[in-house]
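Here the structure is laid out as structure tokens; the discussion comes afterwards.
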Amino acid sequence: MSKAIPSRSEDYSLWYNELVKKAGLAENSAVRGSMVIKPYGFAIWEKMQQTLDKMFKESGHENAYFPLFIPKSFFSKEADHVEGFAKECAVVTHYRLKNDEEKGGVTVDPDAKLEEELIVRPTSETVIWDSYKNWIQSYRDLPLLINQWANVVRWEMRTRLFLRTAEFLWQEGHTAHATKEEAEAETKQMLEVYADFAEKFMAVPVTKGVKTENERFAGALETYCIEAMMQDGKALQAGTSHFLGQNFAKAFDVKYATKEGKDEYVWGTSWGVSTRLMGALIMAHSDDDGLVLPPKLAPIQVVIVPIYRKDEELEKISEVANKFKSELQAKGISVKFDDRDTQKPGWKFAEYELKGVPVRIAIGPKDLEKGTVEIARRDTKEKQFVEQDKTVDFIEQLLDEIQENIYKKAADFKEENTRTADSYEEFKELLESKGGFIYAHWDGTSETEEKIKAETKATIRCIPLNSNEEEGTCIYSGKPSKGRVLFAKAY
RNA sequence: CGGGGUGUAGCACAGUCCGGUUAGUGUACCUGGUUUGGGACCAGGGGGCCGCAGGUUCGAAUCCUGCCACCCCGACCA
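For what it's worth, the numbering used here labels the leading residue of the first sequence as 2, then goes sequentially.
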């Protein structure tokens with residue numbers, strides 16, 4: 002099968018779509034807007050999950066599970082929340098089918114109408130806070146630090162594999178605290194966890210910041226986020242962490258008794274990342290030959306391809322290959338020895354490049370003679386011969402080097418495509434000609450933000466956390482501004 | 001939901017304008033043989049509700065109507 006994918010320069014969107022499908026990550030399903038995550042794609046997601054789950058547990062969180070269905074009435078308890086999600090909810094109205102006498106097949110049984118409709122969760126704040134009401138009585142019950150791995154449904158108009166699907170997988174953390182300060186600290190802590198994960202594991206550099214009022218989570222007082230840059234210069238929101246204040250505590254009447262015996266509302270946070278991270282991972286590093294995976298998240302880190310003519314040769318090569326396989330595995334490196342005789346070496350090379358396997362070892366008759374192996378790295382496509390007794394150490398080091406290199410490449414790209422604009426003309430010119438991230442002054446009003454969005458399609462991705470205070474004037478309104486914010490076109 | 005485009009073998013496409021033998025090509029698949037350091041070659045073979053449903057016609061992949069799905073551009077989107 003010809004697996005060539007379109008080039009990025011030709012058509013970036015098409016390149017992404019084809020890559021996702023050809024690399025065996027995911028495909029569209031029979032259900033509109035919902036994808037099938039295929040084994041290789043799911044293996045990458047599982048690695049992300051395992052890593053994140055460990056990070057959550059190390060920071061004191063526990064996993065739990067709450068229902069998929071949420072009673073409709075729960076949504077209306079928090080006004081901003083319902084407004085934010087109402088437009089994209091899937092609703093369950095009946096609980097039974099029956100045979101269709103007229104048209105054949107089955108039809109919804111009108112006698113099986115639910116008293117109260119159920120909403121398929123688009124996020125779980127409401128159902129979780131309803132439980133928290135019963136779980137929290139006293140300051141001794143706090144903080145409550147819960148995470149849930151789940152699927153959620155948001156009825157999106159236009160979907161794209163991983164980046165925006167009607168149903169997606171994610172984790173959502175929901176915590177309750179005695180004080181505002183504690184909840185704020187939690188919100189920021191989880192933002193740091195996300196940023197660490199993105200940079201150290203996904204090798205994707207991110208900008209940390211706070212969302213403007215327009216972009217804030219429905220029901221939150223403050224939304225923190227990490228924003229990544231894709232290879233086409235567009236921004237991708239990779240994770241969010243929300244400070245909910247006492248909004249949900251008040252909506253669901255979650256109070257605790259203080260040491261002094263007074264009743265107080267608890268303070269909440271919620272935070273999440275989704276299978277959208279897969280999109281970020283793919284778009285940040287991959288090239289026209291296929292995926293480029295960071296070693297820390299690659300399901301297969303090293304693949305060994307034998308090159309042989311006769312069965313005796315394969316036998317000898319297998320001995321060497323299996324020795325490397327077990328030695329590498331002993332060091333915690335995942336290895337696949339592809340000794341299938343149904344595909345030729347060249348075919349396998351192309352296949353594992355498409356799948357983004359970081360390191361490839363080829364062993365052939367020449368290597369047996371010389372006591373070497375050929376080692377190829379996916380990120381730079383460099384190949385070299387390495388002596389067999391140095392191979393294991395070499396690879397261990399090489400995996401670290403690849404992890405670092407692809408991070409650096411992405412970080413350099415992000416820096417090269419981050420610019421400042423001091424006038425609206427310059428802003429529009431930069432956005433049009435170069436894209437990328439643009440730091441510019443903004444007067445702090447939603448009105449200005451929306452006008453800029455309408456005229457240029459760029460939005461304020463965030464107000465960066467590390468930005469220096471700098472007096473200036475808004476590029477749009479000319480009004481005073483205390484610092485630059487990050488603008489970009491976004492996914 | 002609005003504008004545009006596309007649905008033909010697992011995948012990529014031709015054929016559709018102008019209806020007419022048995023619907024083709026590449027690739028993938030199966031069999032046999034030769035091969036194997038970058039997607040092998042030769043020979044033979046199998047695979048099609050032509051997106052779905054209706055209609056026009058002696059006859060529909062082709063014409064008409066409706067629907068569905070996907071892609072692009074908008075709108076929408078934490």
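Where a beta carbon is used, it is the ideal one built from N, C-alpha and C, also for glycine.
Cut-off 8 angstroms between Cβ atoms - residues of its own chain near residue i, not counting five sequence neighbours on either side
i	result
A441	T421, A422, D423, F428, I476, R485, V486, F488
E472	P481, S482, K483
T124	F86, V153, E173, S271, G273
L332	In the sequence under discussion, the amino acid at residue 332 is Lys, which differs from the Leu named in the question. V393, E397, listed in sequence order.
E19	I6, P7
K181	G246, W268
K23	K4, I6, G291, L355
Span of the alpha helix (DSSP H), counted from its first residue to its last, around residue i
i	result
D368	366–371
A114	One point to set straight first is that residue 114 is Lys, not Ala, in the sequence displayed. Element bounds for K114: not the alpha helix (DSSP H) but the beta strand (DSSP E), 114–121.
P40	40–59
T127	126–136
L298	Careful: L298 lies outside any alpha helix (DSSP H) and carries neither H nor E.
P346	346–355
G85	80–86
D401	392–417
I334	Note, I334: premise wrong, no alpha helix (DSSP H); not H, not E.
V387	Taken as a continuous stretch (DSSP letters only), V387 belongs to no alpha helix (DSSP H), being part of the beta strand (DSSP E) at 384–388.
M230	Where M230 is concerned, there is no enclosing alpha helix (DSSP H), although the beta strand (DSSP E) it sits in stretches over 223–230.
S242	Here S242 belongs to no alpha helix (DSSP H); instead the beta strand (DSSP E) covers 236–246.
A184	181–197
Proximity winner among the options, relative to residue i (alpha-carbon distances)
i	options	result
I461	T176, T446, P111, E472	T446
A80	K251, R155, Y225, T259	K251
I301	V37, R33, E47, G234	E47
G234	G61, M284, E223	M284
G34	I334, T457, E168, K297	E168
D312	R341, A299, F325, T160	R341
Q546	T392, I376, N418	An answer regarding residue 546 cannot be provided, because it is not within the stretch 2 to 492 covered by the chain.
A236	E451, S468, A31, T419	T419
A322	R310, K332, V306, A331	V306
K55	E19, Q138, P68, F198	F198
L369	S327, K23, Q138, E388	E388
M158	A91, A196, A179, G106	A91
F438	C463, T449, E182, E354	C463
W443	V336, Y195, G479, E183	G479
E118	S132, D254, F75	F75
V194	L143, K134, M49	M49
E402	D390, D254, R378, G347	R378
E450	K212, F338, N100, T166	K212
Residue i classed as buried or exposed, judged by whether at least 16 other C-beta atoms fall within 10 angstroms
i	result
L192	buried
K356	buried
W16	buried
T276	buried
Y66	exposed
H95	exposed
G209	As written in the sequence, residue 209 is Lys, which differs from the Gly given in the question. Classification for K209: buried.
P111	exposed
R217	buried
V358	buried
V360	buried
D380	buried
T160	buried
P1	The question about residue 1 has no answer, for the chain in this structure spans 2 to 492.
P40	exposed
S242	buried
N-terminal and C-terminal residue of the beta strand (DSSP E) that residue i is part of
i	result
V93	92–95
A171	The sequence as given places Trp at residue 171; Ala does not occur at that position. Counting along the chain, the beta strand (DSSP E) containing W171 begins and ends at 168–178.
G269	268–275
N100	98–100
Y440	438–442
Cβ neighbours of residue i in the same chain (closer than 6 angstroms, five flanking residues each side left out)
i	result
K490	K235, K458, A459
L146	G61, H62, T176
Residues of its chain near residue i, where Cβ-Cβ distance is below 7 angstroms and the 5 sequence neighbours each way are ignored
i	result
K189	Y225
M2	Confidence at M2 is low in this model, with a pLDDT of 37, below 50, so the placement of that residue is unreliable and no value is reported for it.
E214	S447
I129	F67, H175
V109	H95, L98
E84	A219
Count the CB pairs spanning the region 141–156 and the region 21–29 that are closer than 8 angstroms, and state whether there are at least three.
-> no
Taking three-plus beta-carbon pairs below 8 angstroms as touching, is the region 287–301 in contact with the region 8–20?
-> yes
Is the region 362–375 close to the region 305–324, with three or more CB pairs under 8 angstroms?
-> yes
At least 3 beta-carbon pairs within less than 8 angstroms: the region 202–209 vs the region 404–416 = yes
Is it a yes or a no for the region 220–231 touching the region 42–62, going by three-plus beta-carbon pairs under 8 angstroms?
-> no
Please determine if the region 69–76 and the region 120–139 are in contact, where contact requires at least 3 C-beta pairs separated by less than 8 angstroms.
-> yes
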